[in-house]
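K.L.:
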Amino acid sequence: MAKKTYDLLFKLLLIGDSGVGKTCVLFRFSDDAFNTTFISTIGIDFKIKTVELQGKKIKLQIWDTAGQERFHTITTSYYRGAMGIMLVYDITNAKSFENISKWLRNIDEHANEDVERMLLGNKCDMEDKRVVPKAKGEQIAREHGIRFFETSAKANINIEKAFLTLAEDILRKVCVAFHIKVCVCCVRNLFSSAPFLIKNSEKKTSLCNVNNYEDKLCSIFF
-3 MAKKTYDLLF KLLLIGDSGV GKTCVLFRFS DDAFNTTFIS TIGIDFKIKT VELQGKKIKL
57 QIWDTAGQER FHTITTSYYR GAMGIMLVYD ITNAKSFENI SKWLRNIDEH ANEDVERMLL
117 GNKCDMEDKR VVPKAKGEQI AREHGIRFFE TSAKANINIE KAFLTLAEDI LRKVCVAFHI
177 KVCVCCVRNL FSSAPFLIKN SEKKTSLCNV NNYEDKLCSI FF
């Protein structure tokens, strides 16, 4: 059996209107490449990249979805199970920005409740053709409590920063969830051992033992 070359696997999803540059964003991050030829994604595609965060190797499985309505049924099936979703619009295309609310509804309807979300205003290198002010992107992100970056796959602006920030947010959430799970298990064990603890009270057994146990487990996992 092959040995795992990573510690954790995060599934990420790129969504947004057709032509906003989702595939270019993905290829810039995964392969550090940019293709000027526009080829519309058919259905769904994915790339894999392993990064290191907080001393752990994180395997990012990044799914690139088609923005056309005819692929809606296919692409929404991939929302479930995604740990992070990047919603991309084009700063030179007002319609792609107006459709953000539709994409956010899709996330609410099809993704897990605790999924990390991020908004990207792509093609920020095309300042002369901008029709969506940066302030508008910041406002809608603030209203929905999500992170926001303006990016450019062509000029390689904020691409890596966006992906690593999303991965860090997911890692932080996973860590918190693990702590809670360990705490619950420790409390259950504590109560199940209550008679023993009372009997051995002269040994000064306390909750400190539980906390030490939790810390030990966390050091192993993270």
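Using our numbering, the letters of the sequence shown map in sequence onto residues -3 to 218.
From the three backbone atoms N, C-alpha and C, an ideal C-beta is built for every residue, glycine too.
Only a predicted model underlies this, so the values are computations on that prediction, with no experimental measurement involved.
Suppose only complete runs of 4+ residues qualify. What are the alpha helix (DSSP H) ranges in the stretch 55 to 114, listed by chain order?
P.N.:
68 to 72, 90 to 94, 96 to 106
K.L.:
Quick one: residues in its chain with C-beta nearer than 7 Å to the C-beta of Glu164, no 5 flanking neighbours on either side, listed in chain order?
P.N.:
Leu49
K.L.:
Three-state secondary structure (DSSP) at Ser26?
P.N.:
Three-state DSSP puts Ser26 in a helix.
K.L.:
Can you tell me whether Ala137 is buried or exposed, with buried defined as 16 or more other CB within 10 angstroms of its CB?
P.N.:
buried
K.L.:
In chain order, what residues of the same chain lie with their CB nearer than 6 Å to the CB of Thr1, ignoring the 5 residues before and after it?
P.N.:
Within the same chain, no Cβ atom closer than 6 Å to the Cβ of Thr1 is found once the five residues on either side in sequence are excluded.
K.L.:
If you draw a straight line from the C-alpha of Ser97 to the C-alpha of Lys(-1), how long is it?
P.N.:
43 Å
K.L.:
Whether or not the stretch 102 to 115 and the stretch 138 to 150 are in contact is what I'm after, with contact meaning three or more pairs of Cβ atoms, one per stretch, closer than 8 Å; do they touch?
P.N.:
yes
K.L.:
With distances taken Cα to Cα, identify the nearest neighbour of Glu156 among Leu4, Phe23, Phe6, Lys7.
P.N.:
Phe23
K.L.:
How long is the line joining the alpha carbons of Leu5 and Ser92, rounded to whole angstroms?
P.N.:
Rounded to the nearest whole angstrom, the C-alpha separation of Leu5 and Ser92 is 30 Å.
K.L.:
If I measure Cβ to Cβ from Tyr85 and keep anything under 8 Å in the same chain, skipping five residues before and after, which residues do I get?
P.N.:
Gly12, Asp13, Val16, Ser92, Phe93, Asn95, Ile96, Leu115, Leu116, Gly117, Asn118, Val128, Gly133
K.L.:
Who are Glu48's beta bridge partners in DSSP?
P.N.:
Lys53
K.L.:
Can you list, in chain order, the residues of its chain with a C-beta nearer than 8 Å to that of Leu162? Leave out the 5 residues immediately preceding and following it.
P.N.:
Leu8, Gly80, Met82, Glu112, Met114, Arg143
K.L.:
Assuming contact is defined by CB atoms lying nearer than 8 Å, are Ala151 and Asp124 in contact in what I supplied?
P.N.:
no
K.L.:
Along the chain, where does the alpha helix (DSSP H) that runs through Arg138 open and close?
P.N.:
Its alpha helix (DSSP H) spans residues 130 to 139.
K.L.:
Who are the Cβ neighbours of Ser26 in its own chain at under 6 Å, not counting the five residues just before and after it?
P.N.:
Lys43, Lys45
K.L.:
Taking 8 Å as the cut-off, decide whether the C-beta atoms of Arg126 and Ile87 are in contact.
P.N.:
In this structure, Ile87 lies closer than 8 Å to Arg126 by Cβ.
K.L.:
Measure how close the beta-carbons of Arg76 and Asn102 come, nearest whole angstrom, since I'm counting them as under 8 Å.
P.N.:
In fact, because the Cβ distance is near 12 Å, the residues do not count as touching under 8 Å.
K.L.:
In this structure, how does DSSP classify Asp124 when only helix, strand and coil are distinguished?
P.N.:
helix
K.L.:
Under 8 Å between the Cβ atoms of Val21 and Leu160?
P.N.:
No, these two residues do not count as a Cβ contact at 8 Å.
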